[in-house]
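*Asks:* Numbering (the numbering used here), first residue to last: 124 to 718.
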Amino acid sequence: MASDKTALYLFAHMIPFTYRVKLPPCLLTAASCSVGPLLWIDRVGREEYAVGRPLEDEAPTCQLAEPHEAPKRPGRAQMSTFTKLSAGQQPSLSVYPRHKLNKINENIYGGFTEHMGRCIYGGLYDPTNPNKELIDSNGFRKDVIEAMKELNVPVVRYPGGNFCATYHWMDGVGPKEQRPKKPELAWLGVETNEFGTDEFMKWCEVVGTEPYLCFNFGTALAWVEYCNSTQDTYYANLRRKNGREEPYNVKYWALGNETWGPWQVEQVLAREADRLQMTKEDYAKKAYQWAKAIKLLDPNVVLILCGETGHSSWDHHVLKECVRYDTHSLGGSTTASLIDMHSIHIYTACNKDPVKNAFAPLSAERAIEICAGLIDLARIKNGVPASVPRQTICFDEWNVWDPIRAPGESGAEEKYNLSDGLAVAIWLNVFVRQSKYVGMANIAQSVNVISPLMTHKDGIMKQTIWWPVLLFCKYMRGWVIGSHVSCEEYGGATEPQWIQAAKETPWLDVSATINEEGVVSLVVINVNPEKDFEIEVEGVQPKAGSVKRHLITGKSWDVVNTNDKQEVGIEESEWDGKGKTVFPKQSMVMLRWQS
């Protein structure tokens, strides 16, 4: 083992010069983990280095990789990277199981249930269904519960959505026969309040998931007290009266939903970008005040600020005003924050062009990167110290949704095709790649409403988008690892149009993970409608057995699943990991092996 007296050198062979740098042993490991995107450490000469080589006499070297190639020797990439190739050049793909980038927060596989369409009534809760075998003693659908368990959904958002704007949680607690029916102004229906807070909490317990509640600025303090307080106070005692002695200890609470939107009930007469809305200034003041009050009531909750797209003036302003170092409001704590997360909502769709539709989620990736910068900017401007954990992004509404094709007022029951399935796969690749910044993501929604899962009176139907969600939820957990793809780039129009001005659009969209057992999962999505890619994947070295291969594809872009026929599903096979493997046109392939 090297000591401080050992002369250790790092040779950086930089064209056209060679640099020789002396490093103390304590910094050598850090250097090996902190190289740039085109550098890798070779023969570092430390037993504890990830490659596992013993101390060698030969001096360690740091070399510059060819611009279009991944390293040929065991090494480290800094992140998931892409090199554009010209037509006719041989594509390549490399994965680096030893290079753990960051731990994935499993909350990126969260769900969302809103009082909208058939999501709650007829989805989660269906006591009047004549097929009594499908319904449990709580009135919950057993098949939906089993589907949620199959996904191992970690967290579910409730009760909205736009529904939150005029929702009074008190209407949904207590004896059901005494709960009031009220007009529902978000989706223009009638809310019976038969399913409310206690029913949702019970459903979460049955599923084995964590609740995440979104409130308006009306009676939120009382709701937090009802759910979380152990004291001898009015709303805590009301919970006990309604049959729940112990608190629910709800951790996640959102400070409003889409309050920037002109469709929200609460508006002020101010004009921004030619639309009437609550201004960012109004919201920032309210959110900060409510955050202070709620943290005084329960300092253990995680509060989520209402953002917009992640790259708007609204996001910039509310982060700047609310991400502050306020020890007085936090009882003197120097490690806590009033605001813990910042929400983003983006939906993508382009039903006239399946390729544009599939690539559209790349806009969300750039939004995440920009929003992460805005969070840092707010922390810097407001002097937030490193002792306060960095705020993360809560992408609590995302999916493919065309509101013209599937209007919200009509229940938003989208029929998803293969293009939508690949778009959702790219959405999930984005969350994996950006999991350093994303602390939660919630697909909208979990059942019936723009959902992977559709119920009918005799069972459930799994749409095309269910299958990528299933594979990611089951296998893409643990750590993000480095990967590099070299291939041609899509050069056509995008939706939104600005994507190619700010993002690469490789035909092959890639992410890779390694779990605690050392199993590598590599996802490759080929959006090309005409071309299969046959590629040798560097870094596939299964210790035992073969490589598991999961394929999602279909006969054409527009195939859909129905109650009678599943056109899109998962095809499973095995590969020995040697030579080349094919990534078919318009497909998602997941490769899994023990490293």
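Idealized CB from N, CA, C, for every residue including glycine.
Only a predicted model underlies this, so the values are computations on that prediction, with no experimental measurement involved.
Would DSSP call Cys287 helix, strand or coil?
*Replies:* Here Cys287 sits in helix by DSSP.
*Asks:* Which of helix, strand or coil does DSSP assign to Met344?
*Replies:* Per the sequence shown, residue 344 should be read as Leu rather than Met. Here Leu344 sits in helix by DSSP.
*Asks:* Please determine, among Pro422, Ala483, Met464, Gln709, the residue with the shortest C-alpha to C-alpha distance to Ser456.
*Replies:* The candidate whose alpha carbon is nearest that of Ser456 is Pro422.
*Asks:* Compute the beta-carbon to beta-carbon distance between Gly319 and Val296, rounded to the nearest angstrom, for a pair I have assumed lies under 8 Å.
*Replies:* About 5 Å separates the two Cβ atoms, so the contact holds.
*Asks:* When the Cα of Tyr248 is compared with those of Leu274, Gln664, Asn316, Gly233, which residue comes out closest?
*Replies:* Looking at the Cα atoms, Asn316 is the closest of the given residues.
*Asks:* Report yes if the C-beta distance between Val608 and Leu631 is below 7 Å; otherwise report no.
*Replies:* Against a cut-off of 7 Å, the Cβ pair of Leu631 and Val608 comes out as a contact.
*Asks:* Distance cutoff 7 Å, beta carbons only. Does Ile693 sit that close to anything in chain B?
*Replies:* As a matter of chain content, chain B is missing from the structure shown, which is built from one protein chain.
*Asks:* Just confirm the distance between the C-beta atoms of Leu442 and His465, as a whole number of angstroms; I'd bet it's less than 8 Å.
*Replies:* Their Cβ separation, rounded to whole angstroms, is 6 Å, which keeps Leu442 and His465 in contact under 8 Å.
*Asks:* For Met711, which residues from the same chain have a beta carbon less than 7 Å from its beta carbon, with the 5 sequence-adjacent residues on both sides left out?
*Replies:* So the qualifying residues of the chain are Leu545, Ala548, Pro591, Val646, Ile648, Ile675.
*Asks:* Taking just the CA atoms, how far does His439 sit from Pro370?
*Replies:* About 36 Å.
*Asks:* Would Ile493 and Gly433 be called neighbours here (beta carbons separated by less than 7 Å)?
*Replies:* Yes, the pair counts as a contact, with Cβ atoms nearer than the cut-off.
*Asks:* If Trp376 sits next to Leu419, beta carbons under 8 Å apart, how far is it from one beta carbon to the other, in whole angstroms?
*Replies:* Contact flag wrong, Cβ pair sits at about 14 Å.
*Asks:* Taking the runs of the alpha helix (DSSP H) that are 4 residues or longer, which of them lie wholly in the stretch 400-448?
*Replies:* The qualifying runs are 403-420, 436-445.
*Asks:* Quick check on the burial criterion: 16 or more other C-beta atoms within 10 angstroms. Buried or exposed for Phe706?
*Replies:* Looking at its Cβ environment, which holds 16 or more other Cβ atoms inside 10 Å, Phe706 is buried.
*Asks:* Pull up the DSSP beta-bridge partners for Cys337, would you.
*Replies:* According to DSSP, Cys337 bridges with Ala377.
*Asks:* In angstroms with no decimal places, state the Cα-to-Cα distance between Lys305 and Gly379.
*Replies:* Cα-Cα distance, rounded: 21 Å.
*Asks:* Mind reading off the beta-carbon distance from Phe338 to Trp326? Whole number of angstroms is fine, and I expect it under 8 Å.
*Replies:* That pair is no contact at about 19 Å.
*Asks:* Can you give me the C-alpha to C-alpha distance between Gly702 and Val660, rounded to a whole angstrom?
*Replies:* Going by the C-alpha atoms only, they are around 8 Å apart.
*Asks:* Excluding the five sequence neighbours on either side, which residues of its own chain have a C-beta within less than 6 Å of the C-beta of Gly700, listed in chain order?
*Replies:* Contacts found: Val663, Pro665, Val670.
*Asks:* Which residues bound the alpha helix (DSSP H) around Trp550?
*Replies:* That run of the alpha helix (DSSP H) goes 541-556.
*Asks:* How big is the Cα-Cα spacing for Lys255 and Thr685?
*Replies:* Near 23 Å, if we compare the C-alpha coordinates of Thr685 and Lys255.
*Asks:* Rank Ile527, Arg528, Ala490 by C-alpha distance to the C-alpha of Ile516 and give the top, closest one.
*Replies:* For the residues Ile527, Arg528, Ala490, the minimum Cα distance to Ile516 belongs to Ala490.
*Asks:* Please classify Ala210 as buried or exposed, where buried requires at least 16 other C-beta atoms within 10 Å of its C-beta.
*Replies:* When all chains shown are included, Ala210 counts as exposed.
*Asks:* My understanding is that Trp292 touches Thr342, with C-beta atoms under 8 Å, so please give their C-beta distance in whole angstroms.
*Replies:* Trp292 to Thr342, Cβ: 7 Å. Contact.
*Asks:* Below 7 Å between beta carbons: does that hold for Glu612 and Lys207?
*Replies:* Yes, Cβ-Cβ distance for Glu612 and Lys207 is below 7 Å.
*Asks:* Name the residue from Met271, Ile583, Gln557, Asn522 whose alpha carbon lies nearest to the alpha carbon of Glu333.
*Replies:* Selected option, being the one with the closest Cα: Met271.
*Asks:* Between the Cα of Glu653 and the Cα atoms of Lys688, Ser679, Ala567, which residue gives the shortest distance?
*Replies:* Of Lys688, Ser679, Ala567, the residue nearest in Cα terms is Ser679.
*Asks:* Using only CA atoms, which one of Trp383, Pro526, Leu428 lies nearest to Cys473?
*Replies:* Ranking the options by Cα distance to Cys473, first place goes to Pro526.
*Asks:* Using only CA atoms, which one of Arg241, Trp716, Pro385, Ala309 lies nearest to Met599?
*Replies:* Cα-wise, what sits closest to Met599 is Trp716.
*Asks:* Could you tell me which whole beta strand (DSSP E) segments of length 3 or greater appear in the stretch 208-245?
*Replies:* If we require 3 residues or more, the beta strand (DSSP E) runs fully inside the stretch 208-245 come out as 215-226.
*Asks:* Straight-line CA distance for Thr501 to Cys445?
*Replies:* Checking the displayed sequence, the identity of residue 501 turns out to be Ala instead of Thr. In a straight line, the C-alpha of Ala501 is about 8 Å away from that of Cys445.
*Asks:* Have a look at Ala130 and Tyr219 and give me their C-alpha separation to the nearest angstrom.
*Replies:* Residue confidence is low: Ala130 scores 33 on pLDDT, short of 50, so the model does not pin down where it sits. No coordinate-derived value is stated.
*Asks:* Assign Trp521 to one of three DSSP states: helix, strand, or coil.
*Replies:* Strand at Trp521.
*Asks:* Which residue marks the beginning of the beta strand (DSSP E) containing Gly76, and which one marks its end?
*Replies:* Nothing can be reported for residue 76, as the shown portion of the chain is limited to 124 through 718.
*Asks:* What are the boundary residues of the beta strand (DSSP E) that includes Phe595?
*Replies:* Unbroken run through Phe595 is the alpha helix (DSSP H), 589-598; no beta strand (DSSP E).
*Asks:* Shortest alpha-carbon distance to Phe340 belongs to which of Asp519, Thr289, Pro282?
*Replies:* Nearest of Asp519, Thr289, Pro282 to Phe340, Cα basis: Thr289.
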